[in-house]
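Asks: Residue numbers (this note's numbering), protein chains in the order written: chain A, 256 to 447; chain B, 30 to 382.
Put into structure tokens, the structure is as follows:
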């Protein structure tokens, strides 16, 4: 059976401001609810994805996929007052899947052509960035995403482990190495 | 300078990551207060975090955000959700129940024949009143239901979003974009279309096409209400967010476009007045004037949520006015500005004529 999205109707108050209320409406297939969720959180999701992917070309698609996935999973939302960590977790999972799906392909393509695809060449973008951004972009995507989830998005290590689908020990290791590498890179920049 | 050293420095990070709890954490916090090396490490970790938190944001421009928002909502609207088999069965039974109730109500209200028979077309369930005269055809992968007389209740299961059911009416046709609706015809005319779920596009000969959304009923004898809704379209029941179906659609419709009837409180009133005036000209058949007004609206209120509608309606108005060159220029402008717009396909079709 196919169910199409519907616009809100009936007697519901037009402004359901809490995140759980929006997600309940979204679970019922209300188009307006997705619009509200997007208006509220797209900037956060975009910021996370932009930094986590080093400004990859497909950030728009990842943001898009994050909200569509959220719409599909809205019925399973756990009811926390803010769904921002949940959305960021979805974005992180999509990032991980994307990395897995395209990692092999990119490696093969790079070895065949002996250079990386132009779309993934970070050099032009890096020139316009701050030291911290440049340093961050030199971390692996897995470490970068883990570090951003912990330090910027405020997710706890168990939450990160759940979002990324990795053991908590892996999260701790990634955080430790990410911080060590980032500090070393920043010290390089500060050096003579 | 000699680096500060302490064998417990690693605990600063362990505490930050929640690896130290209870007594261990309390002990290290006491140590931290007294140890310069560990407090230095804790500050260094915090400064890295702070540097990440203040990374510059590259915020996309507003138009880009709107385009992406539109793309998202269109994708969601068109998404096919495949629930689990049990859920589907339950939903189907609920749907049939609701449909039966709706149909019964419709029959009582419109004094139609009480007898009903059920027919299962390949992608649609058609329930007909006993007196209904209708048939079903399939050609070129398109399902077509022809109604001559009586009332049909139709529920459509779309195998894909692009394959729509078309109901041929005595005086036009009705394209199903949604899933559940009722249509009645009498004496060679369509008399009522009631949409329960999804949406349909009604095209009657000699009249402007009307997109009818869930919760709305179109009746033939209702007086036109040009400023808010196309002729004959009334909301039933009144939704919390009053919605108006899209106006003229001269070349067919893909996705219906809806706008709110009441201006939002944060919208400038002159924008609403300008849009209403343009719509009045449009509905009144003064296409040249409507095109000019929509053009002015787009220029003066580029950030208004109705700007895309205005840009599209300008193309339609110029199309109606037969201003081919201007229409093509307006179409190109729309396509440039809204590359993922709701009406892209229709604008492209008009432009290609």
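All C-beta atoms, glycine included, are put in the ideal place defined by N, C-alpha and C.
At a Cβ threshold of 8 Å, is residue 372 of chain B touching chain A?
Replies: no
Asks: Per the contact definition of three or more C-beta pairs closer than 8 Å, is the segment 270–285 of chain A in contact with the segment 41–50 of chain B?
Replies: Result no; under three Cβ-Cβ pairs closer than 8 Å.
Asks: Keeping to the same chain, check which residues put their C-beta closer than 7 Å to that of residue 243 of chain B; ignore five residues upstream and five downstream.
Replies: 207, 224, 225, 226, 227 and 228
Asks: Please confirm if residue 302 of chain A has its CB atom under 8 Å from at least one CB of chain B.
Replies: Cβ-Cβ to chain B under 8 Å: yes for residue 302 of chain A.
Asks: How would you list, in chain order, the residues of chain B whose beta-carbon sits under 7 Å from the beta-carbon of residue 412 of chain A?
Replies: 46 and 47
Asks: If contact means a Cβ-Cβ distance below 8 Å, which residues of the segment 59–87 of chain B contact chain A?
Replies: 73, 74, 77, 78, 80, 81, 82, 84, 85, 86 and 87
Asks: Please confirm if residue 342 of chain A has its CB atom under 8 Å from at least one CB of chain B.
Replies: no
Asks: Alpha carbon to alpha carbon, how far is residue 68 of chain B from residue 394 of chain A?
Replies: 26 Å
Asks: Taking the alpha helix (DSSP H) that residue 68 of chain B falls in, what are its first and last residues?
Replies: 65–82
Asks: For a test of the three-state rule: what should DSSP assign to residue 438 of chain A, helix, strand or coil?
Replies: helix
Asks: Going by CA-CA distance only, name the one from B:247, B:232 and B:88 that's closest to residue 305 of chain A.
Replies: Restricting attention to B:247, B:232 and B:88, the CA atom closest to the CA of residue 305 of chain A is found in B:88.
Asks: With contact counted as at least three CB pairs below 8 Å, one residue from each stretch, are the segment 372–382 of chain B and the segment 343–362 of chain B in contact?
Replies: With the rule of 3 Cβ pairs closer than 8 Å, the segment 372–382 of chain B counts as touching the segment 343–362 of chain B.
Asks: Buried or exposed for residue 429 of chain A, please, with buried defined as at least 16 other CB atoms from any protein chain shown within 10 angstroms of its CB.
Replies: buried
Asks: Per DSSP, residue 228 of chain B is paired with what?
Replies: B:242
Asks: Would you say residue 102 of chain B faces chain A, with C-beta separation under 8 Å as the test?
Replies: yes
Asks: Would you mind reading off the limits of the alpha helix (DSSP H) that contains residue 308 of chain A?
Replies: Premise fails: residue 308 of chain A is in no alpha helix (DSSP H) and is neither H nor E.
Asks: Is residue 140 of chain B buried or exposed, if buried means 16 or more other CB atoms sit within 10 Å of its CB?
Replies: At residue 140 of chain B the pLDDT is 41, less than 50, meaning the model places this residue with poor confidence; the figure from the coordinates comes in the next sentence. Exposed, by the Cβ-count rule.
Asks: Which residues of chain A have a Cβ atom closer than 8 Å to the Cβ of residue 98 of chain B, listed in chain order?
Replies: 290, 293, 294 and 297
Asks: Report the residues of the segment 329–358 of chain B with a CB closer than 7 Å to any CB of chain A, ordered along the chain.
Replies: Listed in sequence order: no entries.
Asks: Counting Cβ pairs closer than 8 Å, one from the segment 310–317 of chain A and one from the segment 402–417 of chain A, do we hit at least three?
Replies: no
Asks: Run through chain A and tell me which residues come within less than 7 Å of residue 40 of chain B, C-beta to C-beta.
Replies: Within 7 Å Cβ-Cβ: nothing; residue 40 of chain B doesn't reach chain A, min ~12 Å.
Asks: Leaving out five residues before and five after residue 238 of chain A in sequence, what residues of the same chain have Cβ atoms less than 6 Å from its Cβ?
Replies: Nothing about residue 238 of chain A can be read from this structure; chain A reaches only from 256 to 447.
Asks: Tell me, please, whether the segment 32–41 of chain B touches the segment 61–76 of chain B by the rule of three or more beta-carbon pairs shorter than 8 Å.
Replies: yes
Asks: I'd like to check one pair, residue 74 of chain B with residue 434 of chain A: are the Cβ atoms closer than 8 Å?
Replies: yes
Asks: Can you list, in chain order, the residues of its chain with a C-beta nearer than 7 Å to that of residue 300 of chain A? Leave out the 5 residues immediately preceding and following it.
Replies: 318, 321, 342, 343 and 346
Asks: Using DSSP's beta-bridge definition, name the partner residues of residue 179 of chain B.
Replies: Answer is B:214.
Asks: Within 8 Å of any Cβ in chain A, is that where the Cβ of residue 393 of chain B sits?
Replies: Any answer about residue 393 of chain B is impossible in this case: the structure gives chain B only from 30 up to 382.
Asks: Could you tell me if residue 324 of chain B is buried or exposed, where buried requires 16 or more neighbouring beta carbons within 10 angstroms of its beta carbon?
Replies: buried
Asks: Short check: CB of residue 231 of chain B to CB of residue 200 of chain B, under 8 Å?
Replies: Going by beta carbons, residue 231 of chain B and residue 200 of chain B fall outside the 8 Å limit.
Asks: List the residues of chain B whose Cβ lies closer than 7 Å to the Cβ of residue 315 of chain A, in chain order.
Replies: 97
Asks: How about residue 303 of chain B and residue 329 of chain B: are their beta carbons less than 8 Å apart?
Replies: Result yes, Cβ atoms of residue 303 of chain B and residue 329 of chain B sit closer than 8 Å.
Asks: If you reduce the DSSP assignment to three classes, tell me which class residue 383 of chain B lands in.
Replies: Given that chain B is displayed from residue 30 to residue 382, the structure contains no residue 383 of chain B and the question cannot be resolved.
Asks: On the DSSP bridge list, what partners appear for residue 53 of chain B?
Replies: Beta-bridge pairing links residue 53 of chain B to no other residue.
Asks: Name, please, each residue of chain A whose Cβ falls closer than 8 Å to the Cβ of residue 94 of chain B.
Replies: 297
Asks: Quick one: does residue 272 of chain A have its CB under 8 Å from some CB of chain B?
Replies: no
Asks: Please report the straight-line C-alpha distance between residue 96 of chain B and residue 163 of chain B, rounded to a whole angstrom.
Replies: 43 Å
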